[in-house]
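> Per this note's numbering, the sequence shown starts with residue 74, numbered consecutively.
Take this structure, written in structure tokens, and hold onto it; I'll ask about it next.
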Amino acid sequence: MAEAKSTELAGLPPLVSAGTRVLVLGSFPGVASLRAAQYYGHPQNQFWRILAALWPQHPLPGRDDYPSRCQWLMERRLGIWDVYSACEREGSLDANIRNARVNDFAALHRQIPQLAAIAHNGGESFRYAKAVRVSLGLHGDDRIASLRLPSTSPANASWSFDKKLDAWRAALAPYGLV
74 MAEAKSTELA GLPPLVSAGT RVLVLGSFPG VASLRAAQYY GHPQNQFWRI
124 LAALWPQHPL PGRDDYPSRC QWLMERRLGI WDVYSACERE GSLDANIRNA
174 RVNDFAALHR QIPQLAAIAH NGGESFRYAK AVRVSLGLHG DDRIASLRLP
224 STSPANASWS FDKKLDAWRA ALAPYGLV
């Protein structure tokens with residue numbers, strides 16, 4: 074019996090501004106995020122909840138107002154993108170990613186001249202930290218840090234919300250973001 078061919082999935086465009094200081098890189102959007110065409114669109118993903126807890130003095134717009142959430146994020150000098158531009162995958166787990174294509178980070182770098190750090194949201198993203206640095210022309214250049222953060226995915230149940238929040242706060246503090 075022939076194996077069914079998976080359909081290639083396309084990722085989301087980068088969410089950055091010229092003022093972006095820290096770029097948060099995930100691996101690839103999950104099913105719920107792709108369906109909604111929104112980063113971290115799964116209601117159990119803790120990404121937006123963590124950011125809201127980092128800046129309680131600046132209320133996060135509601136889930137139903139994604140454009141305002143994006144603006145809110147960029148006002149905090151954060152950007153979002155993913156390591157992969159496209160892949161084949163059944164479900165949402167990173168372990169199921171196949172035939173992935175890496176995004177064009179060199180082109181993105183020209184759009185974010187104030188970039189100080191790349192924060193990898195989880196282990197799959199961090200596996201490509203060196204490749205991302207090379208594509209940005211940063212091999213051997215320590216001016217832009219590579220940070221490994223605990224995944225905000227609901228699949229990362231081994232870290233409590235408070236432990237994730239502490240790790241994200243510690244990572245963003247040196248860049249004046251919290």
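Note that the Cβ used here is the ideal one computed from N, Cα and C, for glycine as well.
Can you give me the start and stop residues for the beta strand (DSSP E) that E161 sits inside?
Membership of E161 in the beta strand (DSSP E) is indicated by the continuous run Y157 to E161.
> Would you report the Cα separation of W145 and R242, rounded to the nearest angstrom?
17 Å
> So, does the segment 115–126 touch the segment 176–191, judging by three or more C-beta pairs under 8 Å?
no
> Just how far apart, CA to CA, sit L222 and N169?
21 Å
> Would you call the CB atoms of L209 and A179 closer than 8 Å?
yes
> Compute the distance between the beta-carbons of G195 and S100, then report whether it is under 8 Å.
Yes, these two residues count as a Cβ contact at 8 Å.
> Note the first and the last residue of the continuous alpha helix (DSSP H) segment covering R94.
No alpha helix (DSSP H) contains R94, which DSSP labels as neither H nor E.
> In the DSSP assignment, the alpha helix (DSSP H) including H193 goes from what residue to what residue?
In this chain, H193 is not harboured by any alpha helix (DSSP H); it is covered by the beta strand (DSSP E) spanning A190 to N194.
> Look up N229 in the DSSP assignment and say whether it is helix, strand or coil.
Coil.
> How is the beta strand (DSSP E) around S165 delimited, first residue to last?
Premise fails: S165 is in no beta strand (DSSP E) and is neither H nor E.
> Run the CB neighbour count on S106, radius 10 Å, all protein chains shown included, and call it buried at 16 or more, exposed below.
buried
> Taking DSSP as the reference, what is the three-state secondary structure of S106?
helix
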